[in-house]
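One structure is given below, encoded as structure tokens.
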Amino acid sequence: MSQFLQVLLSGLATGSIYALAAIGFALVWQAAQTVNFAQGEFVMVPAFFVLIGMGFFGMPFWLALAFGLALSMLVLGYAFKKLIVEPILPHGGITLIIATMALAILLKETVKESYSAEAQPFPALFSNAPMNFFGAAVSIQDILNLIVSLSIVVVLTLFLNRTRTGRSMQAAAQNPAVAEILGVNVKRMVLYTFLINAALASLAAFLITPVYLAKFSNGETIGLIAFIAAIVGGFNQIRGALVGGLLIGVLDNLTATYVTAQYRAALPLVLLIMIILVRPQGIMGTSEGRSV
Amino acid sequence: MMAGKWRWLLVALLLAAAVAAPLGQKSYIVYVLTSWLVFAIAAMGLNLTLGYAGQISLAQASFMAIGAYVTALLTLAGWHWLIATPLALLACFVVGLLLGYPALRVKGHFLAFVTLAFNTLVFLVLRNEEWLTGGSYGLSGMPRPDLGLFTTMRPLPFYYFTLAVTVIAALAMWGIVRSPWGRAFRALRENPIRAESLGLDTRRITLLAFAIGSAYGGLAGALVTSLVQFIEPASFGVGHSLRILLMVVVGGAGSFFGPFLGSGVVILLPEVLRFTEGYYLIIYAVLVIVMLIYAPEGLIGIGARLKMKFFSRSQVRADMSQGASLK
Chain W
2 MSQFLQVLLS
12 GLATGSIYAL
22 AAIGFALVWQ
32 AAQTVNFAQG
42 EFVMVPAFFV
52 LIGMGFFGMP
62 FWLALAFGLA
72 LSMLVLGYAF
82 KKLIVEPILP
92 HGGITLIIAT
102 MALAILLKET
112 VKESYSAEAQ
122 PFPALFSNAP
132 MNFFGAAVSI
142 QDILNLIVSL
152 SIVVVLTLFL
162 NRTRTGRSMQ
172 AAAQNPAVAE
182 ILGVNVKRMV
192 LYTFLINAAL
202 ASLAAFLITP
212 VYLAKFSNGE
222 TIGLIAFIAA
232 IVGGFNQIRG
242 ALVGGLLIGV
252 LDNLTATYVT
262 AQYRAALPLV
272 LLIMIILVRP
282 QGIMGTSEGR
292 SV
Chain L
346 MMAGKWRWLL
356 VALLLAAAVA
366 APLGQKSYIV
376 YVLTSWLVFA
386 IAAMGLNLTL
396 GYAGQISLAQ
406 ASFMAIGAYV
416 TALLTLAGWH
426 WLIATPLALL
436 ACFVVGLLLG
446 YPALRVKGHF
456 LAFVTLAFNT
466 LVFLVLRNEE
476 WLTGGSYGLS
486 GMPRPDLGLF
496 TTMRPLPFYY
506 FTLAVTVIAA
516 LAMWGIVRSP
526 WGRAFRALRE
536 NPIRAESLGL
546 DTRRITLLAF
556 AIGSAYGGLA
566 GALVTSLVQF
576 IEPASFGVGH
586 SLRILLMVVV
596 GGAGSFFGPF
606 LGSGVVILLP
616 EVLRFTEGYY
626 LIIYAVLVIV
636 MLIYAPEGLI
646 GIGARLKMKF
656 FSRSQVRADM
666 SQGASLK
């Protein structure tokens, strides 16, 4: 029982970090019709920004984190939108998807060639000391990761639902034409979405890299899990991506511990196909606009 | 549009060039040319899925894997390549149907995600089921097809064998695209809503396109088995699927000759850019992004555009001028 609790909690912790990446992915998909296949790399790159900040500029860790966040929002948010999404979106969604795939190769290879092909240690935000939690040995890192990422989700939800800007963003995503008529600056709202996505991806990076180490190929796994979490949860809802992320985190850990470690990477596929067959709009999704 | 006569002349010239190209070359060059043909077949299949049916598949390498492993296991068990390969194609076709059915039930780019995850799954099965696939050590020592008078053990005869298979595959594709059923594809590509309102079952057509495209992947895999005579899971990862996808896009999705051009570029470019060492993929990715910004219809599209500029006699329909309808 204590092992089960331990597996469950650490699954929730990683799952909540996946959820951050999944939420960003879903937001950009909705607001800008951009299916970003480089989302996994968007979680891989900020960790290297932080390492560069510390290694090349000699920044203290906290400043390097801020530097990484700012640089990510500039490069993966602003530049991504201006240089890739804006010129390619008029050519169609599939062209843009393929461009993001090429971008994924570009980011991966650039990190590999210019920084390192080896996994780099990344300083932990929180201590990894074990803590007794109802008889289960749980690391403080897991608990704090879970708390921090859930707080980020709560803050984001409050922002989107309670502030004027947040509501304008939702309007711009749901019906750009009407939003424009009502005086919403749709272009700016879409830009905000890209910035928020970059911020979410870098926060996910700061939380997950101490666990996985910083490596150029990290994006492959994280990306796949983020896409599938968003789809499984129901991508037109923030809470959908959250539930999807948590579910995959927990199931992944349970499969690895109790069923098979060799095939744990197959779990997202199984889950994805089951959801498409049984509930194509996702667990939390409403079916509008998704039926054939 | 190119006048029919000139087009056939061009095809004949290209074919003659393909026959002459490996003569007197070192066996490494012959190997590179052969793998060009093999990847052209895989890209041709994916072109049916992407260029004609408008769906992204990221599993072409895993269908190559299925084709390669089925052929390898059967030929190692003593079956002839010519019997093993059709079975491998059938296996890919059936798996394509089973995989595409759920993914294509839902609108959106779900096939991309399902196939991405599927490629990972195939890799895991190949690596973990050692009793069947040899695990990460792979399989080796597969015989090359022996056609009685014509044995393909040496590189050059194997190249001609591959060329013959490629020509047959291309003629079959030509037939598919030109058949009434293939016209349904074009209708689907140009205006899916009108196609549907004219009574086409777009979902079934898309599914069939994907399954046939997958079988072409299997054929390429069957040829890889005999070409390299050693197969391992790492040669069929997601990265390779992405590589084949970019071949189709670079050549020109939805154009018949695009895949040949695209696979040529992707296979030969590393040789040309060898001096850039590790930076090759970075340069390549940047070139692809720039191309998608300025010429999303691929190299064939750029060629057509240049031709229009100099010999603009016939009026091309505005909605056809895009060629690759990557919409």
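Chains as they are written, first to last, in my numbering: chain W, 2 to 293; chain L, 346 to 672. Glycine included, C-beta positions come from ideal geometry on N, C-alpha and C. If you're wondering where the values come from, they're calculated on a predicted model, not measured in any experiment.
Can you tell me whether DSSP reads Gln-238(W) as helix, strand or coil? coil
Helix, strand or coil at Thr-547(L) [DSSP, three-state]: helix
Hey, how far is the Cα of Thr-430(L) from the Cα of Leu-255(W)? 40 angstroms
So is Asn-219(W) buried or exposed if we call it buried at 16+ other beta carbons inside 10 Å? buried
Using a Cβ cut-off of 7 angstroms, pull out every chain W residue sitting near Leu-626(L), in sequence order please. Ile-106, Glu-110
C-beta atoms of Ile-401(L) and Leu-456(L) nearer than 8 angstroms: yes
Name, going along the chain, the residues of the region 119-140 of chain W whose beta-carbon falls closer than 7 angstroms to a beta-carbon of chain L. none
Less than 8 angstroms between CB atoms is the rule here; does Pro-447(L) satisfy it with respect to chain W? yes
Based on the DSSP output, what are the partners of Met-321(W) in its beta bridges? A query on residue 321(W) cannot be resolved here, the shown segment of chain W reaching from 2 to 293 and no further.
According to the neighbour-count rule (16 or more other Cβ atoms, all chains shown, within 10 Å of its Cβ), is Glu-622(L) buried or exposed? exposed
Alpha carbon of Ser-3(W) to alpha carbon of Ala-130(W), nearest angstrom: 17 angstroms
Pick from Trp-426(L), Phe-581(L), His-425(L), Val-593(L) that is closest to Ser-481(L), judged by C-alpha positions: Phe-581(L)
CB contact check: Pro-367(L) to chain W, cutoff 8 angstroms: no
Here's a check: name, in chain order, each residue in its chain whose Cβ is nearer than 6 angstroms to the Cβ of Leu-6(W), leaving out the five neighbours to either side. Ala-137
Selection of the region 10-36 of chain W by Cβ proximity to chain L, strictly under 8 angstroms: Val-36
What does Val-633(L) reach in chain W if we use C-beta pairs closer than 7 angstroms? Ala-103
What did DSSP end up calling Trp-481(L) once you bin it into helix, strand or coil? With the sequence shown as reference, residue 481(L) is identified as Ser, and Trp is not the correct amino acid for it. Residue state, collapsed to three classes: helix.
Using three-state DSSP, classify Leu-273(W) as helix, strand or coil. helix
N-terminal and C-terminal residue of the alpha helix (DSSP H) that Asn-198(W) is part of: 187-213
Starting from the beta carbon of Phe-463(L), find every residue of chain W whose beta carbon is closer than 7 angstroms, and list them in chain order. Leu-270
Beta bridge counterpart(s) of Gln-121(W) as assigned by DSSP: Ala-215(W)
Who are the near neighbours of Phe-602(L) in its chain, counting only those whose CB is closer than 8 angstroms to its CB and skipping five residues on each side? Gly-596, Ile-645
Ala-410(L) versus Leu-469(L), Val-611(L), Met-518(L), Arg-650(L), residue with shortest Cα-Cα distance: Leu-469(L)
Pairwise C-alpha distance: Gly-234(W) and Arg-240(W): 8 angstroms
Using a Cβ cut-off of 8 angstroms, which residues of the region 223-238 of chain W contact any Cβ in chain L, in chain order? Leu-225, Phe-228, Ile-229, Ile-232
Is it buried or exposed, Leu-449(L), if we count other Cβ atoms within 10 angstroms and call 16 or more buried? buried
Between which two residues does the alpha helix (DSSP H) holding Pro-525(L) run? 525-535
Would you mind reading off the limits of the alpha helix (DSSP H) that contains Ser-169(W)? 165-175
By a C-beta neighbour count over all protein chains shown, 10 Å radius and 16 as the cutoff for buried, is Phe-655(L) buried or exposed? exposed
Any idea if Leu-568(L) is buried or exposed, counting beta-carbon neighbours within 10 angstroms, 16 or more meaning buried? buried
Beta bridge counterpart(s) of Phe-575(L) as assigned by DSSP: Ser-485(L)
Which two residues bound the contiguous alpha helix (DSSP H) that contains Val-112(W)? 94-115
Could you run through the region 259-288 of chain W and flag, in chain order, every residue whose CB is less than 7 angstroms away from some CB of chain L? Gln-263, Tyr-264, Ala-266, Ala-267, Pro-269, Leu-270, Leu-273, Ile-274, Ile-277, Leu-278, Pro-281
According to DSSP, simplified to helix, strand and coil, what is Phe-495(L)? strand
For Leu-590(L), return the contacting residues in chain W, with the cut-off set at a CB-CB distance below 8 angstroms. Ile-99, Met-102
Run through chain W and tell me which residues come within less than 8 angstroms of Pro-615(L), C-beta to C-beta. Those within 8 angstroms of Pro-615(L) in chain W number zero; the least Cβ separation is about 13 angstroms.
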